[in-house]
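A.B. asks:
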Amino acid sequence: MDKKTRQALEAIEKVKSPGDVVYEVFRTEKKSGMFQFLNILFESIPSASSSLMNDKVMYLLASEKSGKILEIENGVIRNTTEVPNWTSDQKDKFKKVTIDNHVYKKFKKIL
Numbered sequence: 018m019d020k021k022t023r024q025a026l027e028a029i030e031k032v033k034s035p036g037d038v039v040y041e042v043f044r045t046e047k048k049s050g051m052f053q054f055l056n057i058l059f060e061s062i063p064s065a066s067s068s069l070m071n072d073k074v075m076y077l078l079a080s081e082k083s084g085k086i087l088e089i090e091n092g093v094i095r096n097t098t099e100v101p102n103w104t105s106d107q108k109d110k111f112k113k114v115t116i117d118n119h120v121y122k123k124f125k126k127i128l
């Protein structure tokens, strides 16, 4: 595990409740289906490309009652975005969500 991921997980542990699930997610602008497919096909590992996002790593903190997108920069939570229309089923089966003009897709399950 790299240093930035470790710092992010330390920040998440402060707000995480027992039983919550943490996913690493990446954000892309909402585009056509073909563009999304090609983007995913050629996307590098989000953790490795975090420097392209100004050292910002994004995680989804999923619980039974809510989902929150956490933007973490240098081990500090900078922004929290609530996932609209969250269902308890998404806690274990999250794949993607569209918020405003961005699509957040699961990269991997962390905790």
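So the sequence shown is numbered by our numbering: it starts at 18 and just counts up by one. Each residue gets a CB set at the ideal place from its N, CA and C atoms; glycine is no exception.
Compute the Euclidean distance between the alpha carbons of Lys85 and Arg95, then round it to the nearest angstrom.
C.D. replies: Between Lys85 and Arg95, the C-alpha separation is close to 13 Å.
A.B. asks: Answer with buried or exposed for Ile89, where buried requires no fewer than 16 other C-beta atoms within 10 angstroms of its C-beta.
C.D. replies: Burial call: buried.
A.B. asks: Of the choices Leu128, Ile116, Lys21, Gln24, whose alpha-carbon is the least far from that of Thr97?
C.D. replies: Residue Ile116 is the option with its Cα nearest to Thr97.
A.B. asks: Would you say Gly92 and Glu27 are within 8 Å of each other, going by their C-beta atoms?
C.D. replies: In this structure, Glu27 lies closer than 8 Å to Gly92 by Cβ.
A.B. asks: By alpha-carbon positions, which one of Asp19, Lys20, Glu30 ends up nearest to Leu128?
C.D. replies: The shortest C-alpha separation from Leu128 is found at Glu30.
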